[in-house]
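**Q**
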Amino acid sequence: MASEKRSDISPVLNAVTEALTQVYPQCRYKPQEPFMYLMSFLGTHPPEFVYDGMIRLLGYLSSKVKKRK
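The UniProt record's numbering puts the first residue of the sequence shown at 1, with every later residue one more than the last.
So this is what it looks like as structure tokens:
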């Protein structure tokens, strides 16, 4: 979904508006994609150096993939 280019941002605006105006808001909104769920889990549960390492690894792998193309 992140790779799709959309000009209609109304779903995002609706979600933000709903989150800000609910009488009983959720304490944490759950990501729908497995990768984003993993990243949010790694960002909140293990020590910070684990999350930092994952971000560095993803940046390294991303640069390798871009060089191949």
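Where is the CB? At the ideal position from N, CA and C, for every residue including glycine.
(1) As an exercise, report each continuous alpha helix (DSSP H) stretch of at least 4 residues that is fully enclosed by the stretch 4 to 66, in chain order.
(2) Once the 5 residues before and after Q26 are set aside, which same chain residues still bring their CB inside 8 Å of it?
(3) Between Y37 and P31, which are expected to be in contact by the criterion C-beta below 8 Å, what is the C-beta distance as a whole number of angstroms?
(4) On the premise that L42 lies in contact with Y51, defined as a C-beta separation below 8 Å, what is that separation, rounded to the nearest angstrom?
(5) Work out the CA separation of D8 and V65 for me, nearest whole Å.
**A** By the coordinates alone:
(1) Counting only unbroken stretches of 4 or more residues, the alpha helix (DSSP H) elements lying wholly within the stretch 4 to 66 are 10 to 21 and 34 to 44, in sequence order.
(2) So the list reads A19, once near-sequence residues are dropped.
(3) About 5 Å separates the two Cβ atoms, so the contact holds.
(4) Right, their Cβ atoms sit about 5 Å apart.
(5) The straight-line gap from Cα to Cα measures roughly 29 Å.
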